[in-house]
Amino acid sequence: MVAMKRRQLRRAVASAMLVAGALLACSAFVAPAVLRTTSACSLGRSAAAVQLQAGGEYTGFVPDMQRRQLMNLVTVAASAVPVLVCLGGYLYYFYPQVGGGGGGATPCGDIAGAAIVLTDWVKNHKDNDRELVQGLKGEPYYLLSTKDGIKDFAVLSVCTHLGCVVPWVPSANKFCCPCHGSQYDENGKVVRGPAPLSLGLAHTSILENGNVAVSPWTETDFRTGLEPWWN
320 MVAMKRRQLR
330 RAVASAMLVA
340 GALLACSAFV
350 APAVLRTTSA
360 CSLGRSAAAV
370 QLQAGGEYTG
380 FVPDMQRRQL
390 MNLVTVAASA
400 VPVLVCLGGY
410 LYYFYPQVGG
420 GGGGATPCGD
430 IAGAAIVLTD
440 WVKNHKDNDR
450 ELVQGLKGEP
460 YYLLSTKDGI
470 KDFAVLSVCT
480 HLGCVVPWVP
490 SANKFCCPCH
500 GSQYDENGKV
510 VRGPAPLSLG
520 LAHTSILENG
530 NVAVSPWTET
540 DFRTGLEPWW
550 N
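FYI, in our numbering the residues of the sequence shown are 320 to 550.
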């Protein structure tokens, strides 16, 4: 009887030891809550310390930003110069050509630059003839013939649309631009677009030596009643 009780006691002790061993084995793989919290806080502080040491306090300064801004400025300036030059040339191409000169009379010249003598002109031209001569600043002007001389004004031959030289067409009794079809009447007044303005004018006069000369037209355009755009 006593031996049986001893065996039961031994069994109970062995069972208790097995349970205790199992509990100890489980606790070996799970850290206590306090230990886990402490470890996490320590790790966070360590990481923060590393970040602080690596980057320092954030002040908003970005390394090399000034260099980048300078390079951007240089790039924009280098690109803007050719763009502005091309744009200026493009706009100037559409600006009407001006054939103005100085205040005094300028002798007219033929295609070779020789002076235009009125008596020779009358011999070689008929009434209502028009021929190009070198006028103010060397620009091509039309002298308009009459029965015994020339009219008191000359007409600039440069089209006010895109600057083409406008020929005189006797059959149509008009100046007709071959580039885009603009037309002007016998005195150079625009009668058909796309030209926006009439042809420029210049005064004609006869010098003491009999040569034909032109001078700037600064008063109102008698054809339109408007101020001269070529001034």
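Positions of the beta carbon are idealized from the N, C-alpha and C atoms, including for glycine. The structure presented is a predicted model; accordingly, all values stated were derived computationally and were not measured.
Query                                                                                                                                               : Result
The beta strand (DSSP E) spanning L475 covers which residue range?                                                                                  : I469 to L475
Looking only at DSSP bridge pairs, what is A532 linked to?                                                                                          : P426 and S524
For N550 versus T537, is the C-beta distance shorter than 7 Å?                                                                                      : yes
Roughly how many angstroms lie between the CA atoms of T523 and W487, to the nearest whole one?                                                     : 19 Å
For G423 and D540, what's the separation of their Cα atoms in angstroms?                                                                            : 19 Å
Assign R511 to one of two classes, buried (16 or more other C-beta atoms within 10 Å of its C-beta) or exposed (fewer than that).                   : exposed
By the DSSP assignment, the alpha helix (DSSP H) with K442 in it spans what residues?                                                               : L437 to N443
Classify S501 as buried or exposed, calling it buried when 16 or more other Cβ atoms lie within 10 Å of its own Cβ.                                 : buried
Any heavy atom of the ligand SAH inside 6 Å of the beta-carbon of L451?                                                                             : For the structure depicted, the ligand SAH is absent and the ligand set is empty, with no information on it obtainable.
Give the single residue among L451, C483 and H480 whose Cα lies nearest to the Cα of I469.                                                          : L451
Within its chain, find whatever has a CB closer than 7 Å to the CB of T438; leave out the 5 residues flanking it on each side and keep chain order. : G529
Do T394 and V533 have their CB atoms nearer than 7 Å?                                                                                               : no
What are the residues that DSSP puts in a beta bridge with C496?                                                                                    : Looking at the DSSP assignment, C496 forms no beta bridge with any residue, so it has no partner.
Would V531 and I430 qualify as a contact pair, given that the criterion is a beta-carbon distance under 7 Å?                                        : no
Does the beta carbon of V395 sit closer than 7 Å to a beta carbon anywhere in chain C?                                                              : Among the protein chains of the structure shown there is no chain C, as only one such chain exists.
Below 8 Å on the Cβ atoms is my guess for A514 versus T479; work out the distance and round it to an integer in Å.                                  : 5 Å
So which of H499, G482 and E505 has the shortest CA-CA distance to N492?                                                                            : E505
Can you have a look at A473 and say buried or exposed, based on whether 16 or more other CB atoms are within 10 angstroms of its CB?                : buried
Between which two residues does the beta strand (DSSP E) harbouring S464 extend?                                                                    : P459 to S464
Among P401, V509 and L481, which one has its Cα closest to the Cα of C498?                                                                          : L481
Have a look at R542, W548 and T543 and flag the residue whose alpha-carbon is nearest the alpha-carbon of P535.                                     : W548
Using the DSSP secondary-structure output, state which residues sit across from Q502 in a beta bridge.                                              : C495 and R511
From this set, C483, Y461 and N391, which residue's C-alpha is nearest Q453's C-alpha?                                                              : Y461
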